[in-house]
Structures are given as C-alpha cells and as structure tokens.
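**Q**
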Amino acid sequence: MIELFLNGLFVGALYALFGLGLAVTFGLMQQINLAHGDMIIFSAYLAWFAGQAFGLHPLVALPIVALLMFALGYVLQRVVLNRTIGRGPMPPLLVTFGLSIVLQNLMQMGFSADTRSLQPGSIGSASLPLGSFSIGVMPLFFFLFACLAFAATWLAFSKTSFGRAVRATSDDHRTAKLMGIETGHIFSLALALSLSVSAIAAIFLGMRSTFAPAAGVERMLFAFEAVILGGLGSIWGTFFGGLALGLAQAVGIAIAPTFGPLAGHLVFLAVLILRPEGMFARGASR
C-alpha cells in the first residue's frame, strides 16, 4: 500500500507539472492554449535532439530547453497571441488550435512518427532502500523538483509586482494599460514562464516514458484535469489536483491494469459533478 501511494504521488507530481503551465495561461491569464500539450512534446524532442547531436544528458539539457521555450513563449505571445486580446475567447482558441496542428505535423516531419525516450542513465535505476521496499531516486527527484517549481511559481504570481500586474491585466487589460502596465510585455512574460515550466515537465516525461508527435493531446488532457480538479486560479490547487489524479490512477491500476486512466477520469467527473469550481477554488495566491 505504501508503494502504491508513493507511485501515485510521483505520477501525480508529473501531471501537476503538466498542469502548472496551463494554470498560468488558463487560470491566471484567462487565455486557453490548446497547443499546450504539443508544446510539452516539442520540448521533449528538443531535449532528445540535444542528446543525439551533442550527447547531453537530459538533466543537462533541461535549462537549455527551458530557456529556448521561454524565448519561444515570449515571441509567440508578443507577435501572435497579443493581437487576440480583447476580442473574445474564440480567437485565442482558433490560433492555438492551428498552432497545435502545425506543431504536430512539423514534429512528425522532423522526427518521424516513431516513439522516442530520453535516457536518464544511472539515475534511472538508482533507488533508496526503506525497510522492505525501496524508492526510485529519479521519481523522488521529480517530486521534489515539482514542489520547488510550484513554490517558485506561487511566489512569482502572488508576492511580486509582476504577479499583481498579470492578474490586473487578466481582469481588465484596458484599465491595466491606463494604470501604466505594459500589458503586452506582461502577458508575454507569463506565457514564456508557462512554456519554460512545461519544458521541465516534458523532460521528466521523456525520462519516465516514451513520447511521439501525436501524444500532445493526452498531455493536454491530464494538464486540463489537474487544473480543473484544483480550481481555476489556484496554483497549489493544480498541484493537489495532479496528485489526486495520480493517486486515482494508481488505485485503478491496482484493481486492474487497464483501469488506471479510467479511474483518474472518473475522479475528475465526480469532482465536476459535486464541486464544479474545483477543490481549491479560488484565488491565484493559493
């Protein structure tokens, strides 16, 4: 039971990281990025390419890929998505949907449809003995890193002038502009942060399992469920939403190997019915 619980927590931390980037754009910026899952897979391919071309370990490639995705996010928001602000919910949806399709096709052309993975090296098989069972070093590292990532993001959006500017721009971008906030720059930084966090999640995903060009839809689903389970606008809610999803899947797998994903979706459906605002709604500072 302890191993089951820990495995659920470790998988849930990965789902929470998937959702963290989406929580920034969806919960705080009120902007739905349908290409979020494909951005995660694209980041994993960048790390895979760094390993193939330069022999970099995934953890060494992690800060490089995160910086590249930060720059991509800033340019994407500044040049494309800022043009859709104030025009209703449909323009961002259509633009990011088109971006999702383009990314999937580019990845298939560049990397083929074959599944890939990132080689973790010796850390992948290392473990810490705890009595009658052991804990994998890599999953434990992922979990601790996820906690740090959520703490840093929460501090950035709740305790800094940047976070207050993001929330003000999200509430009313015209009034925020009148108050001297450079809204285009603020939103661009927010999406850049979102994609850099997603890049971290992507590398952890690649070290744990395989990925393919069309796998972004599934990542987007897990991210969306973590955000909704936690409650829109709640960063820590997304963290606990991801953990709840991972624990539900672990229990489902213990019942029957094929029941794991369905168990997570059933928990998501139950929360939607009983508490549609999420478990930890509301407030970006949570």
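If you're matching positions, the sequence shown starts at 2 in the working numbering and goes up one per residue.
Backbone N, C-alpha and C fix where the C-beta goes; we use that ideal spot for every residue, glycine too.
May I ask you to report which of helix, strand or coil DSSP gives glycine 137?
**A** Here the question's residue 137 lines up with position 136 in the sequence shown. Looking at glycine 137 - three-state DSSP - the assignment turns out to be strand.
**Q** Answer yes or no: do leucine 63 and isoleucine 201 have a C-beta to C-beta separation smaller than 8 Å?
**A** For the purposes of this step, residue 63 is taken as the residue at position 62 of the sequence shown. For the purposes of this step, residue 201 is taken as the residue at position 200 of the sequence shown. Yes, these two residues count as a Cβ contact at 8 Å.
**Q** I'd like the list of long-range same chain contacts for threonine 239, defined as Cβ closer than 7 Å, with 5 residues on each side in sequence excluded.
**A** In the sequence shown, the residue the question calls residue 239 occupies position 238. Same-chain partners within the cutoff: Ala17, Gly20, Leu21, Ala24, Ala227, Val228 and Gly231.
**Q** According to DSSP, is serine 128 part of a helix, a strand, or is it coil?
**A** Here residue 128 refers to the residue found at position 127 when the sequence shown is read from its first residue. Here serine 128 sits in strand by DSSP.
**Q** Work out the CA separation of serine 197 and arginine 79 for me, nearest whole Å.
**A** Within the sequence shown, the letter at position 78 stands for residue 79. Within the sequence shown, the letter at position 196 stands for residue 197. Arginine 79 and serine 197: Cα-Cα distance of roughly 16 Å.
**Q** Are there 16 or more other CB atoms within 10 angstroms of the CB of threonine 97, so buried, or fewer, so exposed?
**A** Position 96 of the sequence shown, counted from the first residue, corresponds to residue 97. The residue is buried, with at least 16 neighbouring Cβ atoms inside 10 Å.
**Q** Applying the 10 Å Cβ sphere with the 16-neighbour rule, what's the burial state of phenylalanine 143?
**A** Here residue 143 refers to the residue found at position 142 of the sequence shown. So phenylalanine 143 counts as buried.
**Q** Please classify glutamine 53 as buried or exposed, where buried requires at least 16 neighbouring CB atoms within 10 angstroms.
**A** Walking along the sequence shown from the start, residue 53 turns up at place 52. Glutamine 53 should be labelled exposed.
**Q** Over the uninterrupted alpha helix (DSSP H) stretch that includes proline 262, give me the two end residues.
**A** Locating residue 262 in the sequence shown gives position 261, counting from the first residue. 261-275 is the span of the alpha helix (DSSP H), which, as asked, contains proline 262.
**Q** Using only alpha-carbon positions, find the residue among Ala166, Phe260 and Ile204 that is nearest to alanine 191.
**A** Numbered from its first residue, the sequence shown carries residue 191 at position 190. Comparing Cα positions, the closest option is Ala166.
**Q** For asparagine 106, does the count of other Cβ atoms within 10 angstroms reach 16, so buried, or fall short, so exposed?
**A** Mapped onto the sequence shown, residue 106 falls at position 105. Exposed, since its Cβ has fewer than 16 Cβ neighbours within 10 Å.
**Q** Between the region 259-271 and the region 43-50, are three or more C-beta pairs nearer than 8 Å?
**A** These segments do not touch.
**Q** Is the CB-CB distance between glutamine 250 and proline 258 below 8 Å?
**A** Walking along the sequence shown from the start, residue 250 turns up at place 249. Walking along the sequence shown from the start, residue 258 turns up at place 257. It is not a contact, given that the beta carbons lie outside the stated cut-off.
**Q** How many Å lie between glycine 185 and tryptophan 155 at the Cα?
**A** Taking the first residue of the sequence shown as 1, we reach residue 185 at position 184. Taking the first residue of the sequence shown as 1, we reach residue 155 at position 154. Each residue's alpha carbon lies about 22 Å from the other.
**Q** Measuring CB to CB, does glycine 243 end up less than 8 Å from alanine 14?
**A** Residue numbering aside, residue 243 sits at position 242 when the sequence shown is read from its first letter. Residue numbering aside, residue 14 sits at position 13 when the sequence shown is read from its first letter. A contact, by the Cβ cut-off of 8 Å.
**Q** I need the boundaries of the alpha helix (DSSP H) containing glycine 242, first residue and last residue.
**A** Here residue 242 refers to the residue found at position 241 when the sequence shown is read from its first residue. Counting along the chain, the alpha helix (DSSP H) containing glycine 242 begins and ends at 236-256.
**Q** With a threshold of 7 Å on Cβ separation, who are the neighbours of glycine 284 within its own chain once the five nearest residues in sequence on each side are excluded?
**A** Within the sequence shown, the letter at position 283 stands for residue 284. Confidence at glycine 284 is low in this model, with a pLDDT of 45, below 50, so its placement is unreliable and the value that follows should be read with caution. If we look at glycine 284 and ignore the five residues flanking it on each side, its Cβ neighbours are Gly234 and Ser235.
**Q** I think glycine 137 touches serine 128, with their Cβ atoms under 8 Å apart; what is that distance to the nearest whole Å?
**A** Here residue 137 refers to the residue found at position 136 when the sequence shown is read from its first residue. Here residue 128 refers to the residue found at position 127 when the sequence shown is read from its first residue. Confirmed, about 5 Å.
**Q** Check for me: the alpha helix (DSSP H) holding arginine 84 runs from which residue to which?
**A** Position 83 of the sequence shown, counted from the start, is the residue given in the question as residue 84. Segment: none, arginine 84 is in no alpha helix (DSSP H) and carries neither H nor E.
**Q** Hey, out of Cys148, Leu149, Ser133 and Ala177, whose CA is closest to serine 162's CA?
**A** What you label residue 162 is simply residue 161 of the sequence shown in a count that begins at 1. Answer by Cα proximity: Ala177.
**Q** Measure the beta-carbon distance from glycine 38 to alanine 224 and round it to whole angstroms, keeping in mind my assumption that it falls under 8 Å.
**A** Start at 1 with the first residue of the sequence shown, and residue 38 comes out as number 37. Start at 1 with the first residue of the sequence shown, and residue 224 comes out as number 223. Confirmed, about 7 Å.
**Q** Quick one: what does DSSP say phenylalanine 281 is sitting in, helix, strand or coil?
**A** In the sequence shown, counting from the first residue as 1, residue 281 sits at position 280. Note: phenylalanine 281 maps to coil in three-state DSSP.
**Q** Buried or exposed for isoleucine 204, please, with buried defined as at least 16 other CB atoms from any protein chain shown within 10 angstroms of its CB.
**A** To locate residue 204, count along the sequence shown from 1; it is residue 203. Answer is buried; the Cβ neighbour count reaches 16.
**Q** Can you grab the Cα-Cα spacing for the pair leucine 100 / alanine 36, in whole Å?
**A** Along the sequence shown, one-based indexing puts residue 100 at 99. Along the sequence shown, one-based indexing puts residue 36 at 35. Spanning the two alpha carbons is a distance of roughly 6 Å.
**Q** Alpha helix (DSSP H) containing phenylalanine 186: first to last residue?
**A** For the purposes of this step, residue 186 is taken as the residue at position 185 of the sequence shown. Reading the sequence as shown, one finds histidine at residue 186 and not phenylalanine. Run containing histidine 186: 184-209, per the alpha helix (DSSP H) assignment.
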